[in-house]
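Numbering-wise, the sequence shown is residues 1 to 139 according to full-length UniProt numbering.
Ideal Cβ placement from N, Cα and C applies to all residues, glycine included.
See structure below.
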Amino acid sequence: MLTFYCPKCWQVVNEKEKTCPHCGFSLEKLSNQEYDQKLLDALHHTIPERRMIAAQILGNLEIQQAVPIFKQILASEVEDYYFLRTILISLAKIDHPERMEIIENATHHTSNLVCSFARKILKKLNENQPIETWDEFSG
Ligand SMILES: [Zn+2]
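Quick look at the structure:
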């Protein structure tokens, strides 16, 4: 089951809720497209936790538009390992034509941790391992 987050304050909310009980944001008028856009914008949020949540949800929802942004972030100066790791897991979940190439590029990342994690993800993908068995990575 997917967790629903308020796109304004990023607290967990019940999907049936019409307004966010935490900040009062109206969730009713929000279309799926707008929700996706909020998630994409949140990838550049100043608070690391919010970026992480956004990267995670985009992967779970398999949002294709996230892939080019993930690519940019991996190629940028961003060095937040946990964020990059979450991005790699999400990339693996999104069936996108550029996915393998992006993960492959990440095996040459300036951070050794990111390189070795990208190699692990590539191996899993090449072995066609089901996503369910990847939980060890998301903790
Ligand atoms: Zn809220």
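{"query": "HIS22: CB within 7 Å of a non-hydrogen atom of ligand 1", "result": "yes"}
{"query": "Residue interval of the alpha helix (DSSP H) (run including PHE70)", "result": "66 to 75"}
{"query": "Residue environment, HIS108, which counts as buried when at least 16 other CB atoms sit within 10 Å", "result": "exposed"}
{"query": "Distance cut-off 7 Å: PHE25 Cβ against heavy atoms of ligand 1", "result": "yes"}
{"query": "Distance cut-off 7 Å: CYS6 Cβ against heavy atoms of ligand 1", "result": "yes"}
{"query": "Residue environment, SER90, which counts as buried when at least 16 other CB atoms sit within 10 Å", "result": "buried"}
{"query": "Assigned secondary structure, PHE117 (DSSP; H/G/I helix, E/B strand, else coil)", "result": "helix"}
{"query": "Option in GLU17, ILE103, ASN14 and PHE25 with minimal Cα separation from residue 148", "result": "An answer regarding residue 148 cannot be provided, because it is not within the stretch 1 to 139 covered by the chain."}
{"query": "Option nearest ARG50 by Cα separation, candidates ILE63, LYS8 and ASN60", "result": "LYS8"}
{"query": "PHE25 (DSSP reduced to helix, strand or coil)", "result": "coil"}
{"query": "Beta-carbon proximity list for GLY139, same chain, < 8 Å, skipping 5 on both sides", "result": "Residue confidence is low: GLY139 scores 43 on pLDDT, short of 50, so the model does not pin down where it sits. Its coordinate-derived value is still stated next. So no residue of the chain qualifies."}
{"query": "CB contact flag (LEU92, ILE121, <8 Å)", "result": "In the sequence as displayed, the identity of residue 92 is Ala instead of Leu. Taking 8 Å as the Cβ cut-off, ALA92 and ILE121 qualify as a contacting pair."}
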